[in-house]
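As given, the protein sequences belong to chains A and Z, one line each in that order. So that you can map any letter, position 248 of the first sequence is 1600 in the numbering used here, and since no number is skipped, the others follow by simple counting. So that you can map any letter, position 59 of the second sequence is 136 in the numbering used here, and since no number is skipped, the others follow by simple counting. Where is the CB? At the ideal position from N, CA and C, for every residue including glycine. Owing to the predicted nature of the structure, the values given are computational and were not obtained by experimental measurement. These notes are about the structure you will find just below.
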Amino acid sequence: MNTTSKLLDIHGLYKDFRGVEVIKDLSLSVCQGERHAIIGPNGAGKTTFFNLITGRYTPSKGDIYFEGRKISGMTPHRINRMGISRSFQITNIFPGMTVFENIRSAIFSKKGIRWSFRQRVSTMNDVNQETEDILKLIGLDSQHHLLAGSLDYGAQRALEIGITLATDPKMIMLDEPTAGMSIEETREIVAMIDRTTQGKALLIIEHDMEVVFSLADTISVIHYGTVLASGPPEDIRNDATVKEAYLGEGSTC
Amino acid sequence: MHRSRFTWLQIVVVILLLLVLPKLISEYRLNLVITMMIYSIFALSYNMLFGQGGLLSFGHAAYFGFGAYTTVILIKQLEVSLPLGIMLGGLAGAFLGCAFGVFVVRLRGVAFALLTLAFNQLIYVTAEKWRSVTGGEDGIAFMRPNLFLGGWEIDLWATLNWYYFVLIVTVFSIGCLWYLTLTPLGRLNLCMRENEERARFIGYNTYASRLLIYTLAGFFAGIAGGLAASFQEFVTTTFINLDKATDVLMMTFIGGGGTFFGPVIGACALTLINDLLSSWLERWAIVQGGLFILLVLYAPNGLSGLYMSIRERWDAQKRGNTRS
């Protein structure tokens, strides 16, 4: 693996909150097109790790490089414009706006149409067409006129991922996309994620092992804020330290 | 934001009605309509922050007043024309909006409300104490200059001409504000109200965007201030005091911030109520306050929200009747 194919490169990352070290000496890299799952017990620091990459928090120590450029310390919107888009563990959408507008706001941003007042939104055919395409992709095209807040939980999670996809990122980061979903819904959303993220780098936090093993080609186990093990799914499955820390010695959850 | 139920046809009818209005009502009533139009611009500029942006400001009178003083001083001292004076009043409002906005748009909720209030008081005290420029509590009186248009002199002292002048500025301003809600920037304002954090994580610089919106709101408040001062041919600290700041909040709230034209309804209603009650009752403010409390408690989306919910219930009932 040469360094040029590395999309995301993190070395010796630290983050402490008032003396509590949540992330310590964490190193991890993601290559072009890699599908990388992050697993680990609750409170291991997975979401904090996501927040550090996407600019919600700044690291206490260590740097994050994306395409060879240092992104640690940048604001969230700058990081997004560089090609990193994330979803949230707790659904984070625009509840009082229509499903269509939720997606369209991301399309505008992707196209760099942020402050324009030269044209009315209803006359921007290319933007509206791209919005329709994303809605079809996530299977919400029949509900495009509904308020996002009125959708059922599964549809809101799909919309959350749709907003994340719509900025056309180079790396997609999904924070527990299947949290709180039924088996049926989970199957649907995993198929959707699989379909929509083809060819892109994917970084996904997930608790459901079935989802992890079906989506990922690389798995990293985070435990007490550091990477315990990292490698292809088979290796992780057989790794003794991982079994002890997370998988619980044979018993499945 | 609910989709506006106004169609082009309705807008044309309203504008036609406003054009022939001087034939239909007395001069006293016409002056009342002028007041309503000016406050409509003011309330709509406020609603960019309140209804569309989700920011509760207690200091929007600062931009109204700053625009008013600028217009008056420029017309009196430099003898600029009235349209230019009002335009520069708007730009002054935008300038102040940008200058204060740098600080206030970082904040949300209570902190935002208090800082806007503090800035409003800062401008108020400056206007009160800097007598050599602002005339202090006495204010500045001036004459509304006539309008020169391509060799024609239009006497703006005549109520009829002045009415049409205000009408043109109002239609243009409201048109701009409405158009803005249909553009990407206007939609972004709604996004930031709904979920500012999500907007940041899809690539919007929400701080700069909020600042731009705040500046634009200052511009239209300044235009309204310039118009109001030109109307009264007088500017004083009442243009900038706390009453003015809460008046615009009341208008917007009473009309309803959830629809585009809600604040216009609020501006008209409050102007009308003040006029009616002040001629009947000495303590009309008590009634106004009571009305406000009732609306806050029972119609938190204002009169336009009340209308929408009644209409929805009515529609549902009709559908129910046809089904059975």
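Span of the beta strand (DSSP E), counted from its first residue to its last, around residue i
i       : result
T314/Z  : Run containing T314/Z: none; DSSP gives neither H nor E here.
E230/Z  : W229 to I231
V210/Z  : No beta strand (DSSP E) contains V210/Z, which is instead part of the alpha helix (DSSP H) from R208 to T211.
A138/Z  : A138/Z -> not in any beta strand (DSSP E); alpha helix (DSSP H) instead, spanning A138 to L155.
L1554/A : A1553 to I1557
L224/Z  : L224 to L226
Below-8 Å beta-carbon distance, residue i vs any chain A residue
i      : result
R185/Z : no
F278/Z : yes
S286/Z : yes
N378/Z : no
S81/Z  : Only weak support is given to the placement of S81/Z: the predicted model assigns it a pLDDT of 49, under 50, and the question is left unresolved by the model.
L265/Z : yes
L126/Z : no
E274/Z : yes
Y281/Z : yes
Interface flag, residue i vs chain Z, CB-CB below 8 Å
i       : result
N1432/A : yes
Q1471/A : yes
N1403/A : no
F1418/A : no
T1519/A : yes
Y1388/A : At residue 1388/A the sequence reads His, which differs from the Tyr that was named. Not an interface residue.
T1496/A : The displayed chain sequence assigns His, not Thr, to residue 1496/A. So, not an interface residue.
P1428/A : yes
N1444/A : yes
I1465/A : yes
S1424/A : no
D1406/A : As written in the sequence, residue 1406/A is Thr, which differs from the Asp given in the question. Output row for T1406/A: interface = yes.
M1561/A : no
E1596/A : no
M1353/A : At M1353/A, the pLDDT of 44 sits below 50, so the modelled position is not reliable; the number obtained from the coordinates is stated separately. It does not: the Cβ of M1353/A has no partner Cβ on chain Z nearer than 8 Å.
M1449/A : yes
E1437/A : The amino acid occupying residue 1437/A in the given sequence is Ser; Glu does not appear at that position. Yes, S1437/A lies at the interface with chain Z (some Cβ there is under 8 Å from its Cβ).
E1482/A : no
S1603/A : Because S1603/A carries a pLDDT of 45, less than 50, the predicted location of this residue cannot be relied on, and no value is offered for it.
S1412/A : no
Buried or exposed by the 16-neighbour rule on C-beta atoms within 10 Å, applied to residue i
i       : result
D1591/A : buried
T84/Z   : exposed
H1608/A : Any answer about residue 1608/A is impossible in this case: the structure gives chain A only from 1353 up to 1605.
W239/Z  : buried
K1367/A : buried
F1452/A : buried
Y201/Z  : buried
G1514/A : buried
R388/Z  : exposed
A188/Z  : exposed
T1593/A : exposed
I220/Z  : Reading off the sequence, residue 220/Z comes out as Met, not Ile. With fewer than 16 Cβ atoms within 10 Å of its Cβ, M220/Z is classed as exposed.
F1369/A : exposed
G1602/A : The predicted position of G1602/A is uncertain, since its pLDDT is 47 and thus under 50; a value taken from the coordinates is nonetheless stated next. Burial call: exposed.
S81/Z   : Low confidence applies to S81/Z: its pLDDT is 49, below 50, so where it sits in the model is not reliable enough to give any reading.
K1413/A : exposed
According to DSSP, residues forming a beta bridge with residue i
i       : result
I1607/A : No answer is possible for residue 1607/A: the residues shown for chain A start at 1353 and end at 1605.
R264/Z  : According to DSSP, R264/Z bridges with nothing at all.
I1436/A : M1523/A
Y1366/A : K1413/A
K1422/A : Y1417/A
T1578/A : H1575/A
D1361/A : S1381/A and Y1417/A
T1450/A : L1499/A
A218/Z  : F311/Z
V1372/A : F1369/A
Endpoints, the alpha helix (DSSP H) within which residue i is located
i       : result
Y1417/A : Careful: Y1417/A lies outside any alpha helix (DSSP H), inside the beta strand (DSSP E) at K1413 to F1418.
D1478/A : N1477 to L1489
V89/Z   : W85 to L101
I331/Z  : L319 to G332
L347/Z  : G339 to W357
M259/Z  : It should be pointed out that residue 259/Z corresponds to Leu in this sequence rather than to Met. Unbroken run through L259/Z: none, as it is neither H nor E.
F1401/A : K1398 to I1405
I115/Z  : E104 to L126
L371/Z  : W361 to Y375
F177/Z  : L159 to V181
T336/Z  : Where T336/Z is concerned, there is no enclosing alpha helix (DSSP H), given that its DSSP letter is neither H nor E.
CB contact check: residue i to chain C, cutoff 8 Å
i      : result
E389/Z : Absent here is chain C; the protein component of the structure consists of chains A and Z.
Can you find at least 3 beta carbon pairs, one from the stretch 299-312 of chain Z and one from the stretch 139-157 of chain Z, that sit closer than 8 Å? With a cut-off of 8 Å, the stretch 139-157 of chain Z and the stretch 299-312 of chain Z count as touching, because enough Cβ pairs lie within range.
The stretch 1464-1484 of chain A touching the stretch 1548-1565 of chain A, judged by at least three CB pairs closer than 8 Å: no
Would the stretch 331-344 of chain Z count as touching the stretch 110-128 of chain Z if we require 3 or more Cβ pairs under 8 Å? yes
Cβ contact check for the stretch 165-175 of chain Z and the stretch 95-112 of chain Z: 3 or more pairs under 8 Å: Contact between the stretch 165-175 of chain Z and the stretch 95-112 of chain Z is absent, because fewer than three Cβ pairs lie under 8 Å.
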